[in-house]
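K.L.:
Below is the structure I would like to discuss, written out as structure tokens.
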Amino acid sequence: MEEKPEINWNAVALSLCNFNSFGIGYLLAGLKKRWLIALGGNLALLIIGHFANASKSPALWAAIFLLAFAGMTVDLWLLIRKDAGLIPAKLTGKNFMLPLIAAGIFVVFFGGFFSYRAAGNVLLTKGRAAYDKGDESLAFKDLYSANQLYRLSLNKKIVEEKSLLDEVSMIVAGKSFAAEKKYAEALDAVNKFHEFYPASPKISEMNNLAIDTNLAWARDFQSTADYQGCLEHFQTAMKNYPEEAAARKDEIDAAMADNYLKWGQALSEDKDYAQAVEKLEIVINEYPQSDSFDEAYQTAAQAHYDLSGSLKSSQDYQGAYDHLQLILDKYNQSKLAATAKGDLPALMITWGDSLRDDKQFLKAIEKFQSIAEITKDEKFIAQAEEKTQLVVAELARDSGADGQVVIEQARLYACGGEKVTDPSVDIFPEEPGMAMPCDDGYSMSFVPFEVLADIPGTFRYVISAENANRRVQSCDYVTSYDRRTLERWQYGTKVTITEVKSGKVFKGKTFYGTSPESCPSQYWFSGFTEETWGDYVDESKINEWLVEVLK
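To convert, take the position in the sequence shown, counting from 1, and add 395; that gives the working numbering.
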């Protein structure tokens, strides 16, 4: 019976020292050249595994590495079998020495590998925790380190967390761009985040980053006095990210109010007061709770005041008055309210003078008379009264539009039995008084042109006419079967001249037309009572009488 060869356990142990990436068995056997070749080959394999990301196919790469280690182990065992002298004598003094070394190398190598793998898991766990806490910078650091340094750990989680790393890297990139004031790139990162990670729990965080970026960009525009550009970024933030913007309404409102305030102040400095007022009143009307309100309130009052002065300089007195009055109505708590009130009387004087120069006497009087209602300053009141008297005198001589308005109003009052109080009417008693008919119809036809009032100052009379027809005779015609009557009538007009201011009758006269023919001895009736008339009143006689009386 043939005996089995005895196993050389030292050869086995020395060969097993090669079951790792370092080929330590070759080194112990003194095969330095072979060791260097093995070391270089394993290094190349590790480099390929790193760049190919061995963790993508852990089973495949585990097999590759194990086959490489097994190949080196078998190779060394075959070499020792040919030459037992490769076993170092120093390590064979004791039977357990080489097996112990082999076991130690095995434990150290594979223990190191699993420790390396565990370290990768630790980084992944820390990265995920940092992500959940919102510390994206730390999350990126840990996840990136795990992805780059632990590809050879043959850990599938390295690949699985790559999408999280990409997500975090986009968040970090967006924040970095924003911090570096690369606002367009930051907003582009947010848009891409929405595109690639629409279901991410970090969507709201990225939306807030976009709002922060727009606010920062807006502040940059504001610092260069581009207030419109600043406003557009506020509007973009509210339009594109309504949910997050609503939660930050106070912050955005404060920023917008500040922008409108600075915008209004800049426009005021450029003397564009109308636009300045528009911007400042947005703060006052839409952001009354903002910190900018008080300053905007005072600045708006100043802008209205300055605009009033500008309009006054360009002789737009209505506009100047409106803005002073607006200060008193809407900005009565401002520092300029008292000043505006004090300026009103002088403005009304100037306005009245301008209207007087334009022959708008009625409006001029209105402005002068209003001064007593807006001030108790006796100096202004006396000045206004003096100017009113001067304008009244000029109005009394006015044959233009204002004079005709006064005449017409006085005519209507006098003809209606109401008292005429206009101070410009009939103020020249030394001049012949002129008249106006009480209607534009019949009485107008016989009033001579030369007595018609053309200015209020000599308008002294109104002429009225009324029916004064009279029956002069009634003739009865009696037959055997009935009685019929023929009435003779005469046309008549009663003309009355009334003083405009006193309402007293100045003159009156009744004019008659010719009498009808006498009653004939026979008359053919178509009814029981019939009338016969003479000629109409001769209007020329009324005309002659009016000229005689009024001249």
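Backbone N, C-alpha and C define an ideal beta-carbon position, used for all residues, glycine too.
Excluding five sequence neighbours on each side, which residues of the same chain lie with their C-beta closer than 8 angstroms to the C-beta of Met396?
P.N.:
Bear in mind that the predicted position of Met396 carries a pLDDT of just 42, short of 50, making it unreliable; the figure below should be weighed with that in mind. So no residue of the chain qualifies.
K.L.:
Can you name, in chain order, every residue of its own chain whose Cβ lies under 6 angstroms from the Cβ of Thr893, other than the five neighbours on each side?
P.N.:
Cβ neighbours of Thr893 beyond the five flanking positions: Val857 and Val900.
K.L.:
Identify whether Val787 lies in helix, strand or coil by the three-state DSSP scheme.
P.N.:
helix
K.L.:
Tell me the residue span of the beta strand (DSSP E) that contains Val900.
P.N.:
Val900 to Tyr907
K.L.:
Tell me, please, whether the stretch 627–640 touches the stretch 664–673 by the rule of three or more beta-carbon pairs shorter than 8 angstroms.
P.N.:
no
K.L.:
Is it buried or exposed, Phe844, if we count other Cβ atoms within 10 angstroms and call 16 or more buried?
P.N.:
exposed
K.L.:
Label Lys570 either buried or exposed according to how many other C-beta atoms from any shown protein chain fall within 10 Å of its C-beta, with 16 as the threshold for buried.
P.N.:
Its Cβ being crowded by 16 or more others within 10 Å, Lys570 is buried.
K.L.:
Could you tell me the alpha carbon to alpha carbon distance between Glu773 and Val787, rounded to whole angstroms?
P.N.:
About 21 angstroms.
K.L.:
Is the number of C-beta pairs between the stretch 407–416 and the stretch 491–499 that are closer than 8 angstroms three or more?
P.N.:
Taking 8 angstroms as the limit for Cβ pairs, the verdict is that the stretch 491–499 does touch the stretch 407–416.
K.L.:
From the DSSP secondary-structure annotation, give me the bridge partner or partners of Glu926.
P.N.:
Glu882
K.L.:
Going by alpha carbons, who is nearest to Tyr872 out of Ala759, Val563, Glu882 and Ala796?
P.N.:
Glu882
K.L.:
Let me confirm a value: Asp738 is counted as buried when at least 16 other C-beta atoms fall within 10 Å, else exposed. Which label applies?
P.N.:
buried
K.L.:
Quick one: residues in its chain with C-beta nearer than 7 angstroms to the C-beta of Ile802, no 5 flanking neighbours on either side, listed in chain order?
P.N.:
Correct list, in chain order: Met831, Ala848, Pro851 and Phe854.
K.L.:
Run the CB neighbour count on Arg387, radius 10 Å, all protein chains shown included, and call it buried at 16 or more, exposed below.
P.N.:
Given that the chain is displayed from residue 396 to residue 946, the structure contains no residue 387 and the question cannot be resolved.
K.L.:
Considering only the alpha carbon of each residue, which of Leu438, Phe823 and Asn542 lies closest to Ala514?
P.N.:
Asn542
K.L.:
Which term fits Leu455, buried or exposed, when burial requires 16 or more other beta carbons within 10 angstroms of its beta carbon?
P.N.:
exposed
K.L.:
In this structure, how does DSSP classify Thr888 when only helix, strand and coil are distinguished?
P.N.:
Look at Thr888 here: in three-state DSSP terms it is strand.
K.L.:
Within 8 angstroms, do at least three Cβ pairs link the stretch 558–578 to the stretch 470–485?
P.N.:
Contact between the stretch 470–485 and the stretch 558–578 is absent, because fewer than three Cβ pairs lie under 8 angstroms.
K.L.:
Starting from Arg865, follow the beta strand (DSSP E) in both directions and report where the run begins and ends.
P.N.:
Arg865 to Val873
K.L.:
Can you list, in chain order, the residues of its chain whose CB lies under 7 angstroms from that of Tyr907, leaving out five sequence neighbours each side?
P.N.:
Gln885, Tyr886, Gly887 and Val932
K.L.:
Would a C-beta distance cut-off of 8 angstroms place Ala424 and Leu471 closer than the cut-off?
P.N.:
yes
K.L.:
Quick check on Arg855: does DSSP put it in helix, strand or coil?
P.N.:
strand
K.L.:
Once the 5 residues before and after Val554 are set aside, which same chain residues still bring their CB inside 6 angstroms of it?
P.N.:
Ser450 and Lys451
K.L.:
Can you name the start and end residues of the alpha helix (DSSP H) that Ala809 belongs to?
P.N.:
Ala796 to Cys810
K.L.:
Taking the beta strand (DSSP E) that Pro832 belongs to, which residues open and close that run?
P.N.:
Where Pro832 is concerned, the enclosing beta strand (DSSP E) stretches over Met829 to Pro832.
K.L.:
Going by the C-beta, is Leu462 closer than 7 angstroms to any heavy atom of the ligand ADP?
P.N.:
Annotation note on the ligand ADP: not contained in the displayed structure, which lists no ligands.
K.L.:
Can you tell me which of the three DSSP states Glu894 falls into?
P.N.:
strand
K.L.:
What three-state label does DSSP hand Ala779 in the structure shown?
P.N.:
helix
K.L.:
Whole angstroms is fine: what's the gap from Met601's alpha carbon to Val567's?
P.N.:
10 angstroms
K.L.:
Taking Cβ positions, are Ser935 and Thr891 nearer each other than 8 angstroms?
P.N.:
no
K.L.:
To the nearest whole angstrom, what separates the beta carbons of Cys625 and Asn654, a pair I think is in contact under 8 angstroms?
P.N.:
5 angstroms
K.L.:
Strictly by DSSP, which residues pair up with Asn635?
P.N.:
Paired residues: none, contrary to the question.
K.L.:
According to DSSP, is Asn550 helix, strand or coil?
P.N.:
coil
K.L.:
Given that a residue counts as buried once 16 or more other Cβ atoms are within 10 Å of its Cβ, and exposed if not, what is Trp430?
P.N.:
buried
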